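A short write-up of the structure that comes next.
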Ligand code: AMP
């Protein structure tokens, strides 16, 4: 079932949203992007004449009630965006009456699901090495099922629109789906868009396909790099991992970030690219700094010959040109991870060159997906988020999807 094919008139929909928004010390929302992201789905349900039961987690309360992480703090904002009064259930396991009395057009928000350990379904306070761990896990899984069943009992339709947690098999993201038949469970619009964007990258590829992987370390990106190796034409590796490659090739990298224990892995990636016919593009020059600071002294040098006491913090001019020339003719583009320490204004040039080239390619008809944490912050910093095809909201979930893993939140509904 898809959300567009379902008429919610007279139905009660329980919707898993990602309302895990950042709050300041007074409980004010500092960025409401995630709430806004869920609105198309929520408005569709209300305008059809359905009622809404909203459930989410916030932060990491580790199975205990923590007023600082109460979703009551965001109730007003949700109500403002929906143009409706939002009722609040202080205890997500005791919302029977509120849910039963909910009328079409009304909205009920449940308290933070993670106040109960059953939501995540992991035994708390017991180490994996403890002999009693397996039994505790089994017991917790049974409790998780009951918890999910209780949530399911509040409604007759289940919608999952929380892509950010789709890579977790939690009560509200996956287990609950077992209590609805296929005609009464579906992905929300945000989830549909994210899944489609990943399909564009992994299935409906137009060529040339260029993936740009940056960020600090090769070790955290290895799963994706290896999965992409079978798919891409060009693979640009940039950011901090540049120096692990330079070191593996016998270069001198000074104080640059470098994973000494991953030099073999770097060589393996290079050999694999050659074997698969992938054009592996690594930086040749960098902007090196004499301190990890925006105000450090800088010089442009080869990534293979960085002076002692200096560290590469951004891509150099030759590299930026090479990256742009590789990206611009592409028809499918994935960008994850900055090409330098973009948080410092003086080291944004590499990431900026990548962003500009992606925008240009997108104008020429490419599909471009930017996602996974810091590259999103990067396009936002440059004000270019509206000029790429899709900016993903789902950090970890997006990366796992691109690694080729099945997301439990999607599988629970689509049965894949
Ligand atoms: P990741 O979370 O692995 O995607 O890494 C993102 C972080 O990598 C950002 O905070 C960047 O500042 C950092 N980064 C990018 N290039 C470098 C570099 N050359 N040296 C140190 N950190 C870097």
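In the numbering used here, the protein residues as written are 11 to 426.
No residue lacks a Cβ here, since even glycine has one placed at the ideal position from N, Cα and C.
Please read these numbers as outputs of a predicted model, since none were measured by experiment.
Straight-line CA distance for residue i to residue j?
i	j	result
residue 4	residue 276	What is shown of the chain runs 11 to 426, which leaves residue 4 out entirely.
residue 5	residue 241	As displayed, the chain neither begins before 11 nor continues past 426, which places residue 5 out of reach and without an answer.
residue 161	residue 370	47 angstroms
residue 71	residue 51	27 angstroms
residue 48	residue 142	40 angstroms
residue 301	residue 263	14 angstroms
residue 352	residue 359	8 angstroms
residue 54	residue 402	21 angstroms
residue 336	residue 321	26 angstroms
residue 100	residue 120	7 angstroms
residue 420	residue 183	9 angstroms
residue 231	residue 223	8 angstroms
residue 66	residue 329	43 angstroms
residue 269	residue 347	17 angstroms
residue 323	residue 296	7 angstroms
residue 132	residue 147	6 angstroms
residue 157	residue 93	30 angstroms
residue 167	residue 28	18 angstroms
residue 385	residue 344	10 angstroms
residue 376	residue 136	49 angstroms
residue 134	residue 127	7 angstroms
residue 213	residue 221	14 angstroms
residue 106	residue 98	12 angstroms
residue 316	residue 292	16 angstroms
residue 13	residue 198	6 angstroms
Among the options, which has the Cα closest to the Cα of residue i?
i	options	result
residue 23	46, 33, 63, 31	63
residue 36	73, 80, 53	80
residue 207	313, 263, 411	411
residue 104	327, 331, 122	122
residue 111	165, 255, 76, 221	165
residue 259	294, 21, 249, 184	294
residue 34	61, 75, 83, 74	83
residue 406	154, 173, 30, 98	173
residue 216	21, 397, 296, 374	374
residue 333	249, 116, 39, 409	249
residue 391	399, 355, 378	355
residue 151	13, 404, 181	181
residue 281	108, 43, 239	239
residue 424	404, 192, 17, 44	192
On the criterion of 16 or more Cβ atoms from any shown chain inside 10 Å, does residue i qualify as buried, or is it exposed?
i	result
residue 309	exposed
residue 342	buried
residue 170	buried
residue 113	exposed
residue 362	buried
residue 380	buried
residue 124	buried
residue 416	exposed
residue 75	exposed
residue 418	buried
residue 40	exposed
residue 178	buried
residue 254	buried
For a test of your reading of the model: does the CB of residue i fall under 8 angstroms from any non-hydrogen atom of the ligand AMP? Yes or no.
i	result
residue 386	no
residue 244	no
residue 274	no
residue 352	yes
residue 346	yes
residue 193	no
residue 279	no
residue 292	no
residue 222	no
residue 241	no
residue 358	no
residue 321	yes
residue 73	no
residue 355	no
Checking the sheet assignment: what are the DSSP bridge partners for residue i?
i	result
residue 343	220, 378
residue 231	Residue 231 is not bridged to any residue.
residue 311	296
residue 26	65, 170
residue 98	119
residue 280	DSSP lists no partner for residue 280.
residue 325	296
residue 55	Looking at the DSSP assignment, residue 55 forms no beta bridge with any residue, so it has no partner.
Would the beta-carbon of residue i be found less than 8 angstroms away from any heavy atom of the ligand SAM?
i	result
residue 306	Questions concerning the ligand SAM fall outside what the structure shown contains, since the ligands it does hold are the ligand AMP.
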